[in-house]
Amino acid sequence: MYVIQEGSVQVSKDNRFVRTMKSGVFGELAILHQAERTASVRAIQHCYLWAIERKVFCSIMIETARETTASHKRHLKWSKRFGHYCNATLNRLSEVCAETTIDSGRMLKIRPQYVYLITKGEV
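Quick note on full-length UniProt numbering: the sequence shown kicks off at 1 and runs consecutively.
Here's what the structure looks like:
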């Protein structure tokens, strides 16, 4: 996977022009889907790229997921509503939690199918 810091590249697939990129990431689909690359990339300007190996990317993703899940579990344990649940239940809940942020002054549309846990700030 590559991140473009400077320069631009031309992306083609099956020898057909797809797009020009001046910033962004390419090669991520091959890593995410554990597949061979599906497009070719050619520098059309001098480029400065960051390369991330599949193995390194995967280990970062796994570690990030572990840290996020552990953080969710801590917040659930500290809450009055979930603190008494057993570890197995807290583990499962922490794996399916999704984080979101809300800017000050914005309204949150409460959806009845969700449970909200405030971890920072106040409403």
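Glycine included, every Cβ here is placed at the ideal spot set by N, Cα and C.
Residue range of the beta strand (DSSP E) that includes residue i
| i | result |
| --- | --- |
| Arg106 | Neither: Arg106 is in no beta strand (DSSP E) and is coded neither H nor E. |
Secondary structure of residue i, DSSP reduced to three states
| i | result |
| --- | --- |
| Ile62 | helix |
| Leu117 | coil |
| Glu99 | coil |
| Glu67 | helix |
Beta-carbon gap between residue i and residue j smaller than 8 angstroms
| i | j | result |
| --- | --- | --- |
| Arg54 | Val9 | no |
| Cys97 | His72 | yes |
| Gly27 | Arg37 | yes |
| Tyr2 | Val18 | no |
| Leu117 | Ser79 | yes |
| Thr119 | His84 | no |
Residue i, buried or exposed, once every other Cβ within 10 Å from all chains shown has been counted against 16
| i | result |
| --- | --- |
| Ile4 | buried |
| Leu32 | exposed |
Element boundaries [alpha helix (DSSP H), containing residue i]
| i | result |
| --- | --- |
| Ser79 | Looking at the DSSP string, Ser79 is not in any alpha helix (DSSP H), and its letter there is neither H nor E. |
| Ala88 | 87-96 |
Of all the alpha helix (DSSP H) runs that stay within the bounds of the UniProt domain "Cyclic nucleotide-binding" (1-61), which reach a length of 4 or more residues?
Positions of the alpha helix (DSSP H) runs, each at least 4 residues long and wholly inside the UniProt domain "Cyclic nucleotide-binding" (1-61), are given as 28-32 in order along the chain.
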